[in-house]
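Asker:
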Amino acid sequence: QQQVKQSPQSLIVQKGGISIINCAYENTAFDYFPWYQQFPGKGPALLIAIRPDVSEKKEGRFTISFNKSAKQFSLHIMDSQPGDSATYFCAASRGYQKVTFGIGTKLQVIP
Amino acid sequence: DTGVSQDPRHKITKRGQNVTFRCDPISEHNRLYWYRQTLGQGPEFLTYFQNEAQLEKSRLLSDRFSAERPKGSFSTLEIQRTEQGDSAMYLCASSTIAGPGTDTQYFGPGTRLTVL
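Protein chains in written order, with our numbering: chain D, 211 to 321; chain R, 608 to 723.
1) If you drop the 5 nearest sequence neighbours on each side, which residues of the same chain put their C-beta closer than 8 Å to that of T238(D)?
2) At a CB distance below 7 Å, what residues from the region 691-707 of chain R approach chain D? Give them in sequence order.
3) At a Cβ threshold of 9 Å, is T689(R) touching chain D?
4) Taking only beta carbons into account, state which residues of the region 638-651 of chain R come closer than 7 Å to chain D, listed in chain order.
5) Check whether the Cβ atoms of T620(R) and V611(R) lie closer than 9 Å to each other.
6) Under 7 Å, CB to CB, which of the residues in the region 610-638 of chain R have a partner in chain D?
7) What separation, rounded to the nearest whole angstrom, lies between the Cα atoms of Y298(D) and P650(R)?
8) So does the region 629-638 of chain R actually touch the region 231-251 of chain D, counting three or more Cβ pairs closer than 8 Å?
9) Taking DSSP's pairing of strands, which residues face N277(D) in a bridge?
10) Closer than 8 Å between beta carbons: that is the criterion. Which residues of the region 305-321 of chain D meet it against chain R?
11) Would you call D670(R) buried or exposed, if buried means 16 or more other Cβ atoms sit within 10 Å of its Cβ?
12) Does the pairing of the region 213-227 of chain D with the region 263-277 of chain D give three or more beta-carbon distances under 8 Å?
13) Count the other CB atoms, across all protein chains shown, that sit within 10 Å of the CB of L667(R); report buried if there are 16 or more and exposed otherwise.
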């Protein structure tokens, strides 16, 4: 059972554009929603995270929007740069337990 | 660098052989997690430890897999009688349970296993 659904699986954006990745979850017990960035051959690295009592969190060019009633959250990357080209995973967890990941979105930012 | 470290980074083995991977968590992190990632997929949970106690094991962790964290510091993941389906990236992560806001899991670089 895929508890965190992520779309799209691939995304091509022009430099300077906005990249948007969407996720939906099923388990209402989840209380922590991190986004991870992964480059080829590397482990996932935490990008930004949000808790369900907050509707939006912004860190630099990265913003998470969270809709608790719809059980959906999304990542917006403003002014996308070629260096942002990577695979992005949304994820969810409860307390200090295991993290459940989405399938991933491969982002390519073209000059 | 005080991040999570894993050794080896790459391992090529023949089907039927045993392999062992090591993970060193961030210092003083009391929780340690193992995940497996196959090509084009997100990481999938295998097991986790709090200090030396193994608290949860996934159904993905067959009898051929065993993990230990004997002194509550580093951990090992052993796969016995490897199969081609075991080929994957094995990721280790660690976290602390020091209170609110500390539940972020930090990942190591992974061990890429190829079973021939």
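Beta carbons: idealized from backbone N, C-alpha and C, even for Gly.
Answerer: On the basis of the coordinates in this document:
1) In the first sequence, counting from the first residue as 1, residue 238(D) sits at position 28. Counting only Cβ-Cβ distances below 8 Å, and skipping sequence neighbours, we find K281.
2) L698, S702 and I704
3) If you number the second sequence from 1, residue 689(R) lands on position 82. No, its Cβ sits nowhere closer than 9 Å to a Cβ of chain D.
4) R638, Y640, Q648, G649 and P650
5) As a first step, residue 620(R) is located in the second sequence; it is residue number 13 there, counting from the start. As a first step, residue 611(R) is located in the second sequence; it is residue number 4 there, counting from the start. No, these two residues do not count as a Cβ contact at 9 Å.
6) R638
7) Here residue 298(D) is taken as the residue at index 88 of the first sequence, counted from 1. Here residue 650(R) is taken as the residue at index 43 of the second sequence, counted from 1. Rounded to the nearest angstrom, the two C-alpha atoms are 12 Å apart.
8) no
9) Translated into the one-based positions of the first sequence, residue 277(D) becomes position 67. BP columns for N277(D) point to Q282(D).
10) G305, Y306, Q307, K308, V309, T310, F311, G312, I313 and G314
11) Residue mapping note: residue 670(R) aligns to position 63 of the second sequence, counting from 1. So D670(R) ends up on the exposed side.
12) no
13) On the second sequence, position 60 is the one that residue 667(R) refers to. When all chains shown are included, L667(R) counts as exposed.
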